[in-house]
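Each residue of the sequence shown is one higher than the one before, starting from 1 at the first, in this note's numbering. Each residue gets a CB set at the ideal place from its N, CA and C atoms; glycine is no exception.
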Amino acid sequence: MWYHARVSRLLVLMVVLLAALTAGCAQLEGREGVDEPGYEDGTYRGVFIDRDEIQVNVQFSLQDNHVTDIGFRLLQAQGDEYLHAPEGTTEARLRDEYQRLITYLVGRDIRVHLEDLYHPERIAHDVDGLTAATMRSSKMISAIRDGLNRGPYSR
């Protein structure tokens, strides 16, 4: 009789552990974008504005929630324009680093990997000392989210 009671307790414990593991896996799946709603296929545009100045303007295309193309339409800060900066300047180096960060998203699911931009040091490993402190990836994220919130600019 004591044998049956022990087996019953063991079975209950196994069921509880299995339920806990299943719940944990479901939380991980939600974090990775599996349960998030999708976005329409198309081309999106978004901006980041600070102090009445457009600093970042992005355009990107999505197909099945994956970024197929992305680029800057405008990239500036404190009156310095980065997109057409002469090579060899600080602005050109910053532009190249921003471009490297934003192109990281190409081929990736926007629902999963947009958050990766919050950690530019994990994406741009081989950068010089200029970037990690000066890059403001949150501006790019904000501009991309603005585009997603607005919906497709064109289909």
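Going by alpha carbons, who is nearest to residue i out of the options?
| i | options | result |
| --- | --- | --- |
| residue 64 | 107, 116 and 139 | 107 |
| residue 136 | 39, 55 and 153 | 55 |
| residue 112 | 92, 67 and 153 | 67 |
| residue 98 | 78, 141, 62 and 79 | 141 |
| residue 123 | 103, 139 and 92 | 103 |
Name the one or two DSSP bridge partners that residue i has.
| i | result |
| --- | --- |
| residue 154 | 43 |
| residue 146 | DSSP lists no partner for residue 146. |
| residue 109 | 66 |
What's the call for residue i, buried or exposed, on a 16-neighbour Cβ count within 10 Å?
| i | result |
| --- | --- |
| residue 149 | exposed |
| residue 120 | buried |
| residue 95 | buried |
| residue 109 | buried |
| residue 39 | buried |
With residue i and residue j assumed to form a contact (beta carbons below 8 Å), what rounded beta-carbon distance in angstroms separates them?
| i | j | result |
| --- | --- | --- |
| residue 151 | residue 45 | Actually they are not in contact, since the Cβ atoms of residue 151 and residue 45 sit about 10 Å apart, beyond 8 Å. |
| residue 71 | residue 155 | Contact doesn't hold; Cβ gap of about 18 Å is too wide. |
| residue 139 | residue 60 | That belief does not hold up - the Cβ atoms of residue 139 and residue 60 are roughly 15 Å apart, past 8 Å. |
- Message: Going residue by residue through the segment 23-106, where are the continuous alpha helix (DSSP H) segments of at least 4 residues, counting only ones entirely within it?
- Response: 90-103, all fully within the segment 23-106.
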